[in-house]
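Accompanying notes for the structure given below.
Residue numbers (UniProt numbering): 1 to 122.
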């Protein structure tokens with residue numbers, strides 16, 4: 001039987017994977033294909049930051065979805081929930097320190113809220 005907490009886990013990690021994939025496609029792949037940014041050090045740093053940020057979200061979200069699919073009881077443990085919340089807060093800190101646009105902040109904030117709700121329903 002699927003409980004509310006199961007749905008929250010699928011929503012949180014699915015959202016993280018989806019938003020990370022969209023972030024990579026929009027801020028890295030499409031800008032590179034269109035040639036929006038001139039070659040240089042700043043461009044390399046921009047692509048590096050956004051690539052690492054989004055691929056980290058995709059990998060963490062895919063791992064969370066896999067665990068939700070195969071062994072939900074692992075995701076319900078307190079250390080795993082705390083690790084997910086700390087990871088989300090670290091991503092949120094990165095967005096406030098290094099990214100000037102609001103979309104990644106919103107995406108990570110939604111993930112953090114969903115993990116906090118899962119922690120509340122524990």
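Backbone N, C-alpha and C define an ideal beta-carbon position, used for all residues, glycine too.
When rounded, the separation of the alpha-carbon atoms in residue 46 and residue 27 is 9 Å. Here residue 71 carries a coil assignment [DSSP, helix/strand/coil]. The three-state secondary structure of residue 35, taken from DSSP, is coil. Around the beta-carbon of residue 59, fewer than 16 other beta-carbon atoms lie within 10 Å, marking it exposed.
The Cβ-Cβ distance between residue 34 and residue 43 does not fall below 8 Å.
Counting only residues of its own chain and dropping the five nearest sequence neighbours on each side, residue 88 has a CB closer than 7 Å to the CB of 108, 111, 112, 115. Collapsing the DSSP output to three states places residue 101 in coil. Residue 23 counts as buried, since no fewer than 16 other beta carbons sit within 10 angstroms of its beta carbon.
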